[in-house]
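Trainee:
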Amino acid sequence: LLSRTPGIVAFLARSFLCIIGLLLTFSKPACEAFNLDVENPAVYSGPNGSYFGYAVDFYLSDSGSVLVGAPKASTRQFNVTEGGSVFYCPWSSSQTNCHTIEFDLKGDRNVLINDTNYQADFKSHQWFGATVRSHGDTILACAPLYSWRTKEDIPQSDATGSCYLSVENFTNFVEYAPCRTEISGPPGQGYCQGGFSADFTTDGKVVLGGPGSYFWQGQVISAAKEDIIRAYYPGYFIQAVSGQIQTKQAHSLKDDSYQGYSVAAGEFSGDGVEDFVAGVPKGHMLYGSVRSLNHHFHFGFYLSMGSYFGYAVATTDINSDGMVDLLVGAPMLMVRSSHGRPEEMGQVYVYLQRSPLNLEPRLPLTGTQVFGRFGSTIAPLGDLNLDGFNDVAISCPFGGEDQQGLVYIYNGYSEGLRQKPSQVIRGQWAAGTIPASFGFALRGAKDLDMNGYPDLIVGAFGINKAILYRSRPIVNASASLTVSPTMINPEEKNCILTSGNSSIPVSCVNLSFCISADGKHLPKNLDFQVEVQLDSHKHKQKGAVKRALFLDSQQPLLSMTVRLSHGERECQHKRIYLRDEKEFRDKLSSIYVALNFSLDPKAAADSHGLRPILNYQTTHVIEQKAQILLDCGEDNICVPDLKLAVSGKEVYLGDDNSLTLTFNARNEGEGGAYEADLYVVLPPEADYIGIARNNELTCSYETENQTRYLSCDLGNPMKSGTNLWAGLRFKVPRLKDTHKTIQFEAQIRSKNENNSHSEVVACKLEVIVKADVILQGVSRPDKVFFPPANWKLTKNYNVEVDVGPAVEHIYELVNNGPSRISHTLLELRCPFRVQGQTLLYPLEFSTEGPINCTADKNMNHRNLKVSDIQMNTSQGQMRQSQRVKISHHFPVAYKQYVLECLAEYRVKKMPYAIHLSCHPQVVTPVVWNKPDIENAVPLWIIILAILAGLLLLALLIYILYRLGFFKRSDPYGTAMEKAELKPQAASEA
Numbered sequence: 003l004l005s006r007t008p009g010i011v012a013f014l015a016r017s018f019l020c021i022i023g024l025l026l027t028f029s030k031p032a033c034e035a036f037n038l039d040v041e042n043p044a045v046y047s048g049p050n051g052s053y054f055g056y057a058v059d060f061y062l063s064d065s066g067s068v069l070v071g072a073p074k075a076s077t078r079q080f081n082v083t084e085g086g087s088v089f090y091c092p093w094s095s096s097q098t099n100c101h102t103i104e105f106d107l108k109g110d111r112n113v114l115i116n117d118t119n120y121q122a123d124f125k126s127h128q129w130f131g132a133t134v135r136s137h138g139d140t141i142l143a144c145a146p147l148y149s150w151r152t153k154e155d156i157p158q159s160d161a162t163g164s165c166y167l168s169v170e171n172f173t174n175f176v177e178y179a180p181c182r183t184e185i186s187g188p189p190g191q192g193y194c195q196g197g198f199s200a201d202f203t204t205d206g207k208v209v210l211g212g213p214g215s216y217f218w219q220g221q222v223i224s225a226a227k228e229d230i231i232r233a234y235y236p237g238y239f240i241q242a243v244s245g246q247i248q249t250k251q252a253h254s255l256k257d258d259s260y261q262g263y264s265v266a267a268g269e270f271s272g273d274g275v276e277d278f279v280a281g282v283p284k285g286h287m288l289y290g291s292v293r294s295l296n297h298h299f300h301f302g303f304y305l306s307m308g309s310y311f312g313y314a315v316a317t318t319d320i321n322s323d324g325m326v327d328l329l330v331g332a333p334m335l336m337v338r339s340s341h342g343r344p345e346e347m348g349q350v351y352v353y354l355q356r357s358p359l360n361l362e363p364r365l366p367l368t369g370t371q372v373f374g375r376f377g378s379t380i381a382p383l384g385d386l387n388l389d390g391f392n393d394v395a396i397s398c399p400f401g402g403e404d405q406q407g408l409v410y411i412y413n414g415y416s417e418g419l420r421q422k423p424s425q426v427i428r429g430q431w432a433a434g435t436i437p438a439s440f441g442f443a444l445r446g447a448k449d450l451d452m453n454g455y456p457d458l459i460v461g462a463f464g465i466n467k468a469i470l471y472r473s474r475p476i477v478n479a480s481a482s483l484t485v486s487p488t489m490i491n492p493e494e495k496n497c498i499l500t501s502g503n504s505s506i507p508v509s510c511v512n513l514s515f516c517i518s519a520d521g522k523h524l525p526k527n528l529d530f531q532v533e534v535q536l537d538s539h540k541h542k543q544k545g546a547v548k549r550a551l552f553l554d555s556q557q558p559l560l561s562m563t564v565r566l567s568h569g570e571r572e573c574q575h576k577r578i579y580l581r582d583e584k585e586f587r588d589k590l591s592s593i594y595v596a597l598n599f600s601l602d603p604k605a606a607a608d609s610h611g612l613r614p615i616l617n618y619q620t621t622h623v624i625e626q627k628a629q630i631l632l633d634c635g636e637d638n639i640c641v642p643d644l645k646l647a648v649s650g651k652e653v654y655l656g657d658d659n660s661l662t663l664t665f666n667a668r669n670e671g672e673g674g675a676y677e678a679d680l681y682v683v684l685p686p687e688a689d690y691i692g693i694a695r696n697n698e699l700t701c702s703y704e705t706e707n708q709t710r711y712l713s714c715d716l717g718n719p720m721k722s723g724t725n726l727w728a729g730l731r732f733k734v735p736r737l738k739d740t741h742k743t744i745q746f747e748a749q750i751r752s753k754n755e756n757n758s759h760s761e762v763v764a765c766k767l768e769v770i771v772k773a774d775v776i777l778q779g780v781s782r783p784d785k786v787f788f789p790p791a792n793w794k795l796t797k798n799y800n801v802e803v804d805v806g807p808a809v810e811h812i813y814e815l816v817n818n819g820p821s822r823i824s825h826t827l828l829e830l831r832c833p834f835r836v837q838g839q840t841l842l843y844p845l846e847f848s849t850e851g852p853i854n855c856t857a858d859k860n861m862n863h864r865n866l867k868v869s870d871i872q873m874n875t876s877q878g879q880m881r882q883s884q885r886v887k888i889s890h891h892f893p894v895a896y897k898q899y900v901l902e903c904l905a906e907y908r909v910k911k912m913p914y915a916i917h918l919s920c921h922p923q924v925v926t927p928v929v930w931n932k933p934d935i936e937n938a939v940p941l942w943i944i945i946l947a948i949l950a951g952l953l954l955l956a957l958l959i960y961i962l963y964r965l966g967f968f969k970r971s972d973p974y975g976t977a978m979e980k981a982e983l984k985p986q987a988a989s990e991a
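Each residue of the sequence shown is one higher than the last, beginning at 3 in the working numbering.
1) State the Cα-Cα distance for the pair residue 769 and residue 734, rounded to the nearest angstrom.
2) Where does residue 293 land, buried or exposed, given buried means 16+ other C-beta within 10 angstroms?
3) For residue 167, name the three-state secondary structure that DSSP assigns.
4) Mark residue 105 as exposed unless 16 or more other C-beta atoms lie within 10 angstroms of its C-beta, in which case mark it buried.
5) Apply the 10 Å Cβ neighbour rule to residue 283 and answer buried if 16 or more other Cβ atoms are within range, or exposed otherwise.
6) Tell me the rounded alpha-carbon separation between residue 578 and residue 715.
7) Bridge partners for residue 765 per DSSP, in chain order?
8) Express the C-alpha separation of residue 830 and residue 802 in angstroms, rounding to a whole number.
9) For residue 827, is the classification buried or exposed, using 16 other Cβ atoms within 10 angstroms of its Cβ as the cut-off for buried?
10) What separation, rounded to the nearest whole angstrom, lies between the Cα atoms of residue 629 and residue 745?
11) Ignore the nearest five residues each way along the sequence and tell me which others in residue 81's own chain have a CB closer than 7 Å to its CB.
12) Straight-line CA distance for residue 936 to residue 950?
13) At which residues does the alpha helix (DSSP H) containing residue 227 begin and terminate?
14) Could you check the C-alpha separation between residue 451 and residue 613 for me, to the nearest Å?
15) Determine the DSSP secondary structure at residue 679, reduced to helix, strand or coil.
16) Cα separation between residue 291 and residue 419?
17) Quick one: any contact between the region 224 to 234 and the region 245 to 252, if contact means 3 or more CB pairs under 8 Å?
18) Nearest to residue 467 by alpha carbon, out of 431, 480, 702 and 454?
19) Any idea what DSSP makes of residue 867, helix, strand or coil?
20) Using a 10 Å radius around the Cβ and a threshold of 16 neighbouring Cβ atoms, would you call residue 891 buried or exposed?
21) Is residue 290 helix, strand or coil by DSSP?
22) Anyone know if the C-beta pair for residue 1016 and residue 627 falls short of 8 Å?
23) Where residue 1067 and residue 598 are concerned, what is the direct C-alpha to C-alpha distance, given to the nearest angstrom?
24) Suppose contacts are defined by Cβ-Cβ distances below 8 Å. Is residue 212 in contact with residue 196 by that definition?
25) I'd like to confirm the pairing. Which residues does DSSP put opposite residue 907 in its beta bridges?
26) Check whether the Cβ atoms of residue 510 and residue 482 lie closer than 8 Å to each other.
27) Given a cut-off of 8 Å, decide if residue 779 and residue 812 are closer than it, judged by their beta-carbon atoms.
28) Shortest alpha-carbon distance to residue 360 belongs to which of 847, 366 and 326?
29) Hey, how far is the Cα of residue 184 from the Cα of residue 455?
30) Report the CB separation of residue 167 from residue 142 in whole angstroms; it is logged as a contact under 8 Å.
31) Which word fits residue 926, buried or exposed, when buried means at least 16 other C-beta atoms lie within 10 angstroms of its C-beta?
32) For residue 218, name the three-state secondary structure that DSSP assigns.
33) Do you know whose CA, among 138, 355 and 133, lies nearest residue 417's CA?
34) Taking the alpha carbon of residue 160 as the reference point, which residue from 94, 241, 172 and 182 has its own alpha carbon closest?
35) In angstroms with no decimal places, state the Cα-to-Cα distance between residue 438 and residue 463.
36) Roughly how far, in whole angstroms, is the beta-carbon of residue 518 from the beta-carbon of residue 561, given that I think they are within contact range, below 8 Å?
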């Protein structure tokens, strides 16, 4: 539907092609310096809101000036609003004033039909100056939205478009409106918008594009400017121009193609006559295409729908083969980003003409700014750097920071355009309500200041400015650098170094450098800044000591200014010397000498006010190198053979004493090892202490990427046949009981090119566990007397004294190290019951140290009141005591009993076994006291025992009496009687 609307829609589509860049993201393109002077541009300004800078061109018929279109500028035309103007801006390095070219001073015109005046045309908002082109002394300016009445009785107008030609340096103005015909309305040329695009051929033919003709199929019209001038007659709206050619209406399938959106001229057929190419951005199923009008060929590729391929076209010979090449812009083309999402970047397609009508596509140029509209304008620049190949400017009007706009300069070469821009020009004005659109209009390939180099005009209609960038003269410079001889012999002292009042013989070599400059249109004298730096290469010598110095200044840097005339060559000769080998470490790597030269930025400008610039392709840094002569044979290449052996003893877990590793480093090769270092990687458990043996060895402790290592100097060089012993001391305070070994890795490293490293030696040390554990016990008291004095048997227990005397068993577990112990178990067993009778009443446990205790029986299960206990413990030891009570239910009376408690210690989960020095038994003898009789035996038993005793005594006396034990005999009987009585007495007895 939009394609059927009046022509302003198409024109605004070109003017504000989706200006939705307010939400854009940008990345700054990389660029190199080129010769367009961006520091001192000439800036032309127009009236605010006039869109000054919408179209630009050069006008060289006079002394040189700039043409700028302002399609929304107000004019002096009667009753016309924003008719649009073209400004003429004479070039001068001191002023940038512009004035209006009065192409048309008349207002809207009327015609008399049947005695009635009708307004014939409508010039308000016609956008005059939207297209401006020049050819010699002729200027073409168009108003694509110019309208005229197509029906007499209906106030209807069609946007046919109209152009004016200024000929003979503004002495004559001719109107050219080829779409103002009798075939009006959408079916004809009523919406033509003639002059939407325009160009001149080399011989001066005018080429106009009208994308609105024939239901927006579009149209291209061409006529010679001489025929246009002859056919012009003031007051006639419809004119017949002799020799005019134009495209015709095609099939309705071509509707809404916008042919003529852009036009260009170039010779593609080989007949010597220039052809016309036209962009068709909505043709070919909305993929866009480019058509040749003379020979009926076209380019159409399935890029992406809506890419607007053909929005801009340009022709120029970029590979310098004598044949015109074609460039096509597709500013709305979508490119898939690294994240896989399509993003609108825009592309420019390059087609090299290999033969007539044979165009070869090359790799396209892709924009870098999302929604930047890369490829909106393509401008041939001519040969900016005078290298024989034409260059091209491509705009990205909504790119850059804050949508300031970018213009890319691409250089041509034998295979097309280089993929990387040589220069990127950035707009200096921030976007306002409307983006600055810097680069929306571009024009080049003309030398405005006549310095021999083409210039560039950039339009930025959003800020009403046009900017002229002039080309600076390019200097093609070359330099050479030599060092002779390239081998420095430290033993050959061929120069004398004067230092104060002393003279020191040193080894030196010669250094020479030359600079020459050439180019076109250069000033008489050129000043170069030259720097020569010694030992400039980034090598890994320790301390970065400069090994070579200039003999006259004793400095590593020479700075000077060299003035050259055009085509002149300047040479300088110096001597450099080698410092004492004790002052630096690196003897193996080359001594790099770097020459860096550049044009003096403070040099005076030339007669055109421009400072020359060095060609960006110039190699301005040159390096040479010199070698230090080594004791390595004729080829000066040392090939060492490095050997390393490492030994060490076991490591005790928990030991804080130092560990010593012994290293044996040897060089069994034919040459020395330069900057040889012993490289030792430390395990996480170890810390470096110092050197145990070989006091001449120096080591540094460093950390790199969380790797800790030692670097020990073994000599520079470590000569062939060297056999070095050394000892390094470490502490291993962070061993864990899960480690069975720890590993040190060692290697000899040198800076030699061949056999520079020894093999990596892995030294594994066994982790030994050694723990001297002692377990001992004691009983307090050592003997128990039971029952205690004044102790009474009770059935109800309230306090601990009701149970019996207390016994305390104290166990002491001591670890004398060095390894720690864990995950072990100490078990205590005591006879709480004997023969089914209660022997001990378990009262409580008390511990000291890192020990946790549990019991299989409840402590103090009767909840007796317990008195406080004081325990003496030793610091650094683990102690455990158990407190028990002797119970009254003892089964055997009046006998001694031994209370024996056993302690057992064993490893439970440790990865190693601990052996105890003893297995203690804690013994407590129980001694029973003799009981008190009065209290022990009842009274009746005592009385009964007395009576029984008396009865037994009486019975004994009676028996004795009956036996005559109590009769008395005469002690004085005769002997005879005694003799007679004996046998009888004996028998009686």
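Just so you know, even glycine gets a beta-carbon here, dropped at the ideal spot from N, CA and C.
Mentor: Answer, in terms of the structure:
1) 11 Å
2) buried
3) strand
4) buried
5) buried
6) 29 Å
7) 746
8) 22 Å
9) exposed
10) 40 Å
11) 109 and 110
12) Confidence is the limiting factor: at residue 936 the pLDDT is only 47, short of 50, which leaves the residue's position unreliable and the question unanswerable from this model.
13) 227 to 233
14) 14 Å
15) strand
16) 21 Å
17) yes
18) 431
19) strand
20) Caution is warranted here: a pLDDT of 45 is assigned to residue 891, below 50, making its placement in the model unreliable, and no coordinate value can be reported.
21) strand
22) This structure cannot settle anything about residue 1016, because the visible part of the chain is limited to 3 through 991.
23) Lying outside 3 to 991, the shown extent of the chain, residue 1067 is not represented and no answer is given.
24) yes
25) 828
26) no
27) yes
28) 326
29) 48 Å
30) 6 Å
31) buried
32) helix
33) 355
34) 182
35) 7 Å
36) Actually they are not in contact, since the Cβ atoms of residue 518 and residue 561 sit about 20 Å apart, beyond 8 Å.
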